[in-house]
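Undergrad: Questions regarding the structure given below will be posed in turn.
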Ligand code: GRF
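In the numbering used here, the protein residues as written are 503 to 723.
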């Protein structure tokens with residue numbers, strides 16, 4: 503089944519590009535119905551336009567109250583008919599109206615092996631902590647910051663000469679592989695998000711020693 507997506511971005515949109523390229527290559531059974539950004543300056547909007555994807559900007563600063571922005575964002579996404587919402591570098595915390603409507607249908611990609619290093623400085627914090635392995639996590643979105651149930655993770659080495667930017671770049675390469683795979687697995691029913699997170703099998707994780715997925719998360723949510 504072709505899974506209808508809304509992809510929410512704030513920045514460069516390299517994860518959006520990875521998703522769209524996987525779709526165009528036939529390795530991700532999905533379609534991007536709408537790209538939404540909270541800022542007009544998001545570079546990823548350019549990629550979306552070049553690829554003929556519908557875009558919408560719901561500017562955070564265009565609304566007097568956070569709750570108004572939350573409702574406008576919810577309405578924009580609802581209007582797209584998306585079955586799965588992907589936060590791909592979306593730098594705002596979604597609000598209660600959004601979560602009421604789309605809880606268990608919204609995933610986020612984060613540049614660390616959660617629950618370590620949530621928040622906006624994950625690569626720098628991984629380096630400061632002296633860990634030798636970091637990576638990325640795809641997780642369900644809940645009301646917390648990077649706290650929802652973990653769906654899949656990919657590990658990435660932290661090298662002695664790493665700066666936050668170098669490490670982040672290496673992690674993003676892993677994100678670009680993992681995120682489209684997770685979306686495809688959801689489209690194929692191998693990962694089920696509702697009513698509880700369940701992952702059919704970890705076979706796909708055997709492709710690469712750097713891809714780590716828990717063997718079975720049935721009922722873990
Ligand atoms: C990614 O590293 C993601 O983990 C984090 O924000 C970054 C977005 O990058 N949440 P891009 O906009 O997809 O290039």
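Where a beta carbon is used, it is the ideal one built from N, C-alpha and C, also for glycine. The model shown is predicted, which means the values in this text are computed figures rather than measured ones.
Identify every run of the beta strand (DSSP E) within the segment 604-654, keeping only runs that are complete inside it and at least 3 residues long; order them along the chain.
TA: Here the runs fully enclosed are 608-612, 635-642.
Undergrad: Just reading off the beta strand (DSSP E) that residue 535 is part of, what are its end residues?
TA: Segment 532-539, the beta strand (DSSP E) holding residue 535.
Undergrad: What are the partner residues of residue 700, as DSSP defines its beta bridges?
TA: 694.
Undergrad: Mind checking if residue 571 is an interface residue toward chain D, Cβ cutoff 8 Å exclusive?
TA: Of the protein chains in the structure, only one exists, and it is not chain D.
Undergrad: Identify whether residue 586 lies in helix, strand or coil by the three-state DSSP scheme.
TA: Here residue 586 sits in strand by DSSP.
Undergrad: Looking only at its own chain, which residues have a Cβ that is under 6 Å from the Cβ of residue 650, when we skip the five neighbours before and after it?
TA: Taken in chain order, the residues that qualify are 641, 642, 643, 644.
Undergrad: What separation, rounded to the nearest whole angstrom, lies between the Cα atoms of residue 673 and residue 694?
TA: Spanning the two alpha carbons is a distance of roughly 25 Å.
Undergrad: If you reduce the DSSP assignment to three classes, tell me which class residue 682 lands in.
TA: Residue 682 falls in the helix class under three-state DSSP.
Undergrad: State the CB to CB distance for the pair residue 540 and residue 560, rounded to an integer number of angstroms; the pair is presumed to be in contact (CB under 8 Å).
TA: Contact holds; Cβ gap of about 6 Å.
Undergrad: Report all residues from its chain with a CB closer than 7 Å to the CB of residue 722; omit the five preceding and five following residues, and keep chain order.
TA: Reliability of the predicted coordinates at residue 722 is poor, the pLDDT of 33 falling under 50, and the value obtained from them is presented with this limitation in mind. Excluding positions up to five away in sequence, the list reads 651, 699.
Undergrad: Identify, in the order they occur along the chain, each residue of the same chain with its Cβ nearer than 8 Å to the Cβ of residue 752, setting aside the five sequence neighbours on each side.
TA: What the structure shows of the chain is the stretch from 503 to 723, and residue 752 is not part of that stretch, so it cannot be assessed.
Undergrad: Going by the beta-carbon positions, is the gap between residue 537 and residue 550 smaller than 8 Å?
TA: Result yes, Cβ atoms of residue 537 and residue 550 sit closer than 8 Å.
Undergrad: Which two residues bound the contiguous beta strand (DSSP E) that contains residue 557?
TA: 557-559 is the extent of the beta strand (DSSP E) around residue 557.
Undergrad: Can we count residue 671 as close to ligand 1, meaning its CB is less than 7 Å from some heavy atom?
TA: Not so, every heavy atom of ligand 1 lies at least 7 Å from the Cβ.
Undergrad: With distances taken between CB atoms, is the gap from residue 505 to residue 689 smaller than 8 Å?
TA: Cβ atoms of residue 505 and residue 689: closer than 8 Å.
Undergrad: Buried or exposed for residue 710, going by 16 or more other Cβ atoms inside 10 Å?
TA: Low per-residue confidence applies at residue 710: pLDDT is 45, beneath 50, and the placement is therefore not dependable enough to give any value.
Undergrad: Could you pull out every residue in the same chain whose Cβ sits closer than 6 Å to the Cβ of residue 687, ignoring the five residues on either side in sequence?
TA: Correct list, in chain order: 693.
Undergrad: Of all the options 683, 653, 544, which has the alpha carbon lying nearest to the alpha carbon of residue 557?
TA: With distances taken between Cα atoms, residue 557 lies closest to 544.
Undergrad: How big is the Cα-Cα spacing for residue 596 and residue 576?
TA: Those two C-alpha atoms are separated by around 9 Å.
Undergrad: Could you give the DSSP three-state label for residue 544: helix, strand or coil?
TA: Three-state DSSP puts residue 544 in coil, outside helix and strand.
Undergrad: Of all the options 677, 630, 659, 586, which has the alpha carbon lying nearest to the alpha carbon of residue 638?
TA: For the residues 677, 630, 659, 586, the minimum Cα distance to residue 638 belongs to 677.
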